[in-house]
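Visitor: Protein chains in written order, with our numbering: chain A, 1 to 289; chain B, 1001 to 1360; chain C, 2001 to 2261.
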Amino acid sequence: MAAFVQLVILGLLAGGVYVAVGVGFGLVWGVLNIVNLAHGALVIVGGYVTWQLFTAFGLDPFLTLPVDAVALFVLGYALQRGVINRIIRAPLLFTFLLTFGLNLVIVNVLLLIFGSDFRSVTPTYSGQGFELGGIVIPYVRLASLGAAILLSTGLAFLLSRTRVGLSIHAIAADRDAAQLVGIDLRHTYAVTYGLGAACAGVAGGLIAMIQAITPTAGEPYTLQAFVVVILGGLGRVSATVVGGLAFGLVEAFGQSIPGSGSVFANAIAFGLMVLVLVTRPQGLMGRLR
Amino acid sequence: MIATADSQRRWRRIFLIVGGIVAAYALLAPLTSLDAAQAAGIPLLTDKFWFRIATYVVMFVVLATAWNIIGGITGYAAFGNVAFFGIGAYTTGMLIAKAKWPFLVALPLAPVLAALFAALVGLPLLRLRGHYFAVASLGVGVAVGELVQNIDYNGQPVFGGASGLFLPIYAVGHRGLFFFYLMCGAAAIAIAVTWWVLRSRFGYGLIAIRENEDAAAVIGVNTTAYKVAAFALAAALTGLAGGIFSQWNVFINQDNTFPIEYNVQMILMALLGGTGTVFGPAAGAVLLQLLIQFLGGSLPISFDLPFVSSEARPIVAQVILGLLLVVVVIFVPRGVIDFFGGRTRLSLSYLRRSLRDTSL
Amino acid sequence: MNTAAEPQLELRGVTKRFGGVGAVDGVTFQVEKGEILGVIGPNGAGKTTLLNCISGVHRVDGGDIRWEGRSIAGLPPHRIARLGIGRTFQIVRPFGSMTVRENAAVGALFGSSAARRGLKEAFEVADQVLELVGLKAKADHPVSALTIPDRKRLEVARAVATRPQLLLLDEVMAGLNNVEIDEALEMVRAVHATGVTVLLIEHVMRVIVGICRRAIVLDFGHVLAEGEPEVVLRDERVIKAYLGERYAKRLRGERGQDSAS
């Protein structure tokens, strides 16, 4: 029983990062209908921003998160405005290929700048934690779960309570009608992608505190974002939160299966995703679009 | 109008002739390495180094042509075909390394097993459409790769685990030549199958599914069976390439038999050359694979990139490749395809129009 | 087996619900071999849903559909097509990358299993069918070059090419002007003359009067009236369904025959 509780807690803590990784990806997919294969690369860019600020200026990594968000928002806005907007009406394969191309560029530019060495962000409190009912809970993990929930809440608030959020809802519902009521499509698309990138950046900052990063480490995060968004269901931030936590739980329990490595858990997660897709394409929480 | 059509036909003819000459050279040049040819004083036109690259190029001809059957003709954006490559490679690899089967007996089982697997996962997967199918197939591709690497039995990795699987070297004279022509054989089968499909009732059914699945169903196309058959056919051809690869490369592991970038490469090749056509994906495969090798600096004809150190070169090559991908996708969404399909002329106004069609 | 007394197609209490709402609710009627039966009703009456049930696009939630005495409810669309029931879609669904001729040929290549053919014969059938619907001159055009009325013709051509014994037409006249409607009616008569039973779904009443001996009026998923078109259209419940209560009162005694077009 204690082992079970331990796994649940570990799973939820790990799920925090997956929530952060998933929300931005889900936003871009749900609103722009783009499966963003560059998402993982953007996550890593966020990680490097945090690492750079931490090593160069000794800034507390949690304080770098807003910087990650702003920097990645600008990058994302520019990418969508300058590049992705140009193929938004093309068949879906083209958006796959375009974002894969962007992924290739971002990853290799990072390699040119930072090299392939693993970098980690280790503030003084990293590795510390407190004990709760026989389980050690690391501060960083707990704080990153909190940050992820805060991020999702903020995003949900932005989407439901602000002018920009309403515009985003409008373009998601009907692009042409949105244009008719005077919404600037190019700008709104770019803002949406920028928000997605900003979430990825925050996720990257959190990840850099938990494990070492290298430019090529982004791909798994793109794949995890898929699973998270599919598990939860497309179209709502709250669904992605559920999906992310569920993914963390699945992973924790998958790793606990005797004889299975951590990679094996990945296979279980993907198997689960396929199962969810086939039996309940709207996700655990979602409505069918 | 007519003048355009004529010049277009001329360009297509020039393209076909040039393509034919290049293909004939590529197919025949390796023969000059045979002892008999050397004895007869024929100059050596290619060396072993070229065989390896040429075999890779032809392998991608098979992969892109196979993908075209499900992705191009049937219109299902399969993003996990690399699973079939890996299954083919491991089928042959296991039969040779563990069961000690001879290569040529083990090889036919690679396409069979890949096709069976495709049929099995295809039944549920092919009910999904659009992005969902793409994502689910990608998931299957990743999951299979990880399972193969991680399945243990009694503490022993069943498929060689993370350290991979070593095969005995296939004892045959002129190994490089042998595997090059074997891969060419697979490519020929893939292209012939595509040619047949596009002229058959089966192919018309697949195209009908691509164009409108509901309409296809109500005129009597058994859409489920057709989609699964197309998926399995693509898997069989992909698996065949994987089977040849395993014995050719002698060593297989998750990295070289389930690489995710192959998924993207085969699609890009088919798109470049023309989806839904017989020779398009093959042409795209040759062009793109040569380009990748060229940028990576592994071709004998090479060049120095200015301001780039030799260590940074492969990285810069990837950046160029990524930018190229972006540029091609943005400016030529259907351009190259329509051009080789004889539907339009590649011109500046065409580029501008296709850009306008797809931009926001 | 197929005696004169037995209907070709029989619907017994067919029901289809979407989220608890009965789009089609206990619909019962029969289609006799060789007739042209009209099914009319206001928007949202369940006409297209009914057609989707017959052709297997929707699975019925209740009741039975019998084809020549045997139940076909629950069969997948392609099986129903092979039995000899063809259909068109209200919003045309051509195979966009193909020419007009190829579209029809694909219909001939598949379709009714009683008349399975090879590629060459399929193209011959396609040519015959295109002549029948008046698209012969445009056989080699790409679909994208067709006008709306021609696309509707193509939709019919593809369905006819499957060699159906029963053809379900879903609002093939919708969106056409009067001249085009007359041309389309000619086409339907020509197809009917080849021995095909026709079930014609229409919103425009005028069409039904011109071509059908018998009509069925659907409203809110129920059969409201059944009989000769002229009689059915004078039925007060039908007028009410189409035009509302106040119109029905005003028309009472006026005998407005064309009022509901």
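Glycine included, each C-beta is placed from N, C-alpha and C at the ideal position.
Because the structure is a prediction, the values reported are computed rather than measured.
Looking at Ile268(A) and Val250(A), is the spacing between their C-beta atoms short of 8 Å?
Guide: Taking the first sequence and counting its residues from 1, one reaches residue 250(A) at position 250. Taking the first sequence and counting its residues from 1, one reaches residue 268(A) at position 268. Yes, Cβ-Cβ distance for Val250(A) and Ile268(A) is below 8 Å.
Visitor: Does the beta carbon of Gly1341(B) sit closer than 8 Å to a beta carbon anywhere in chain C?
Guide: Counted from its first residue, the second sequence places residue 1341(B) at position 341. With a pLDDT of 49 at Gly1341(B), under the threshold of 50, the predicted position of this residue should be treated as unreliable, and no value is reported.
Visitor: Using only CA atoms, which one of Val1328(B), Gly1273(B), Gln1247(B), Val1286(B) lies nearest to Gly1088(B)?
Guide: Counted from its first residue, the second sequence places residue 1088(B) at position 88. Checking every option, the nearest Cα to that of Gly1088(B) belongs to Gln1247(B).
Visitor: Would you identify the three-state DSSP class for Arg1210(B), choosing helix, strand or coil?
Guide: Looking up residue 1210(B) in the second sequence gives position 210. DSSP places Arg1210(B) in helix when its eight states are reduced to three.
Visitor: Would you kindly check if the distance between the Cβ of Ala2215(C) and the Cβ of Gly2038(C) is under 8 Å?
Guide: Within the third sequence, the letter at position 38 stands for residue 2038(C). Within the third sequence, the letter at position 215 stands for residue 2215(C). Yes.
Visitor: Going by beta-carbon coordinates alone, are Leu104(A) and Ala147(A) separated by less than 8 Å?
Guide: Here residue 104(A) corresponds to residue number 104 of the first sequence, with the count starting at 1. Here residue 147(A) corresponds to residue number 147 of the first sequence, with the count starting at 1. No, the pair does not count as a contact, with Cβ atoms beyond the cut-off.
Visitor: Give me whichever residues DSSP pairs with Asp2219(C) in a beta bridge.
Guide: Reading the third sequence from its first residue, position 219 is the one you call residue 2219(C). Looking at the DSSP assignment, Asp2219(C) forms a beta bridge with His2222(C).
Visitor: On the DSSP letters alone, give me the boundaries of the beta strand (DSSP E) that Gly2026(C) sits inside.
Guide: Looking up residue 2026(C) in the third sequence gives position 26. From DSSP, the beta strand (DSSP E) with Gly2026(C) extends over 2021-2031.
Visitor: Please tell me whether Thr2048(C) has its Cβ less than 8 Å away from any Cβ of chain B.
Guide: As a position in the third sequence, residue 2048(C) is number 48, starting the count at 1. Chain B contact via Cβ: absent.
Visitor: Check whether chain C comes within 8 Å of Thr1223(B), counting only Cβ atoms and requiring the distance to be less than that.
Guide: Taking the first residue of the second sequence as position 1, residue 1223(B) is located at position 223. It does; some Cβ of chain C falls within 8 Å.
Visitor: What span of residues does the alpha helix (DSSP H) with Phe94(A) cover, start to end?
Guide: Position 94 of the first sequence, counting from 1, holds the residue named residue 94(A). Note, Phe94(A): alpha helix (DSSP H), 92-114.
Visitor: Under 7 Å between beta-carbons, which chain B residues line up against Ile230(A)? List them in chain order, please.
Guide: Taking the first residue of the first sequence as 1, we reach residue 230(A) at position 230. In chain order: Val1135.
Visitor: Check whether chain B comes within 8 Å of Phe226(A), counting only Cβ atoms and requiring the distance to be less than that.
Guide: Counted from its first residue, the first sequence places residue 226(A) at position 226. For Phe226(A), the answer is yes, since a Cβ of chain B falls inside 8 Å of its Cβ.
Visitor: With a threshold of 8 Å between beta carbons, is Ile149(A) in contact with chain B?
Guide: As a working note, residue 149(A) is residue 149 in the first sequence. No, its Cβ sits nowhere closer than 8 Å to a Cβ of chain B.
Visitor: In three-state DSSP terms, what is Phe1251(B)?
Guide: What you label residue 1251(B) is simply residue 251 of the second sequence in a count that begins at 1. Three-state result, Phe1251(B): strand.
Visitor: Which residues of chain B have a Cβ atom closer than 8 Å to the Cβ of Arg89(A), listed in chain order?
Guide: Numbered from 1 along the first sequence, position 89 holds the residue referred to as residue 89(A). Simply Asp1357, Thr1358, Ser1359, Leu1360.
Visitor: Are there 16 or more other CB atoms within 10 angstroms of the CB of Gly1335(B), so buried, or fewer, so exposed?
Guide: In the second sequence, residue 1335(B) corresponds to position 335, counting from 1. Residue placement at Gly1335(B) is poorly supported in this model, since its pLDDT is 44, which falls under 50; the coordinates still yield a value, given next. Under this definition Gly1335(B) is a buried residue.
Visitor: Just the chain B side, please: which residues come within less than 8 Å of Tyr189(A) by C-beta, in chain order?
Guide: As a working note, residue 189(A) is residue 189 in the first sequence. Chain B residues near Tyr189(A): Leu1360.
Visitor: Would Gly1072(B) count as contacting chain C if we go by Cβ distances under 8 Å?
Guide: Looking up residue 1072(B) in the second sequence gives position 72. No, Gly1072(B) lies away from the interface with chain C (no Cβ there is under 8 Å from its Cβ).
Visitor: Among Phe1279(B), Ala1282(B), Ala1317(B), which one has its Cα closest to the Cα of Leu1291(B)?
Guide: Taking the first residue of the second sequence as 1, we reach residue 1291(B) at position 291. Comparing Cα-Cα distances from Leu1291(B) to each of Phe1279(B), Ala1282(B), Ala1317(B), the minimum goes to Ala1317(B).
Visitor: Of all the options Gly2069(C), Arg2163(C), His2222(C), which has the alpha carbon lying nearest to the alpha carbon of Thr2197(C)?
Guide: Counting from one through the third sequence, the residue named residue 2197(C) turns up at place 197. Among Gly2069(C), Arg2163(C), His2222(C), the Cα nearest to that of Thr2197(C) belongs to Arg2163(C).
Visitor: Using the Cα positions of Leu223(A) and Leu2168(C), report the straight-line distance between them to the nearest angstrom.
Guide: Taking the first residue of the first sequence as 1, we reach residue 223(A) at position 223. Taking the first residue of the third sequence as 1, we reach residue 2168(C) at position 168. If you take the alpha carbons of Leu223(A) and Leu2168(C), they lie about 46 Å apart.
Visitor: Taking CB distances under 8 Å as the criterion, tell me whether Gln1289(B) reaches chain A.
Guide: Locating residue 1289(B) in the second sequence gives position 289, where the first residue counts as 1. Not closer than 8 Å to any Cβ of chain A, the Cβ of Gln1289(B) fails to qualify, so no.
Visitor: Cβ of Gly248(A) within 8 Å of Cβ of Ser144(A)?
Guide: Locating residue 248(A) in the first sequence gives position 248, counting from the first residue. Locating residue 144(A) in the first sequence gives position 144, counting from the first residue. No.
Visitor: How would you label Glu2228(C), buried or exposed, when you count the other beta carbons within 10 angstroms and need 16 or more for buried?
Guide: Start at 1 with the first residue of the third sequence, and residue 2228(C) comes out as number 228. Exposed: under 16 other Cβ atoms inside 10 Å.
Visitor: Counting pairs of Cβ atoms below 8 Å between the segment 2172-2186 of chain C and the segment 2058-2065 of chain C, do you hit three or more?
Guide: Touching, no.
Visitor: Give the DSSP-derived three-state secondary structure of Phe2089(C) in the structure shown.
Guide: By 1-based counting over the third sequence, the position of residue 2089(C) is 89. It is coil, neither helix nor strand.
Visitor: List, in order along the chain, the chain A residues whose C-beta lies closer than 9 Å to that of Ile1260(B)?
Guide: What you label residue 1260(B) is simply residue 260 of the second sequence in a count that begins at 1. Ordered by position in chain A, the residues that pass the 9 Å Cβ test against Ile1260(B) are Glu219, Leu223.
Visitor: In or out: Pro66(A) buried (at least 16 other Cβ within 10 Å) or exposed?
Guide: For the purposes of this step, residue 66(A) is taken as residue 66 along the first sequence, with counting starting at 1. Looking at its Cβ environment, which holds fewer than 16 other Cβ atoms inside 10 Å, Pro66(A) is exposed.
Visitor: Run through the DSSP bridge pairs and tell me what Glu2068(C) is partnered with.
Guide: Against the third sequence, residue 2068(C) aligns to sequence position 68. According to DSSP, which records beta bridges pairwise, Glu2068(C) is partnered with nothing at all.
Visitor: Buried or exposed: where does Phe130(A) fall if 16 or more other Cβ atoms within 10 Å of its Cβ makes it buried?
Guide: Here residue 130(A) corresponds to residue number 130 of the first sequence, with the count starting at 1. Phe130(A) is exposed by the Cβ-count criterion.
Visitor: Just to make sure I have the definition right: I need the residues of chain C whose C-beta is within less than 7 Å of the C-beta of Arg1201(B). Which are they?
Guide: Taking the second sequence and counting its residues from 1, the one referred to as residue 1201(B) is at position 201. Those within 7 Å of Arg1201(B) in chain C are Leu2109, Leu2119.
Visitor: Per DSSP, which residues does Val1144(B) bridge with? Please list them.
Guide: Within the second sequence, the letter at position 144 stands for residue 1144(B). DSSP output for Val1144(B) lists no bridge partner at all.
Visitor: Under 7 Å, CB to CB, which of the residues in the segment 66-91 of chain A have a partner in chain B?
Guide: Listed by position along the chain: Val83, Asn85, Arg86, Ile87, Ile88, Arg89, Ala90.
Visitor: Going by the CB atoms, is the gap between Asp2170(C) and Arg2093(C) shorter than 8 Å?
Guide: The residue you call residue 2093(C) lines up with position 93 of the third sequence. The residue you call residue 2170(C) lines up with position 170 of the third sequence. Going by C-beta atoms, Arg2093(C) is not nearer than 8 Å to Asp2170(C).
Visitor: If I follow the unbroken beta strand (DSSP E) through Ile135(A), where does it start and stop?
Guide: Locating residue 135(A) in the first sequence gives position 135, counting from the first residue. Segment 135-138, the beta strand (DSSP E) holding Ile135(A).
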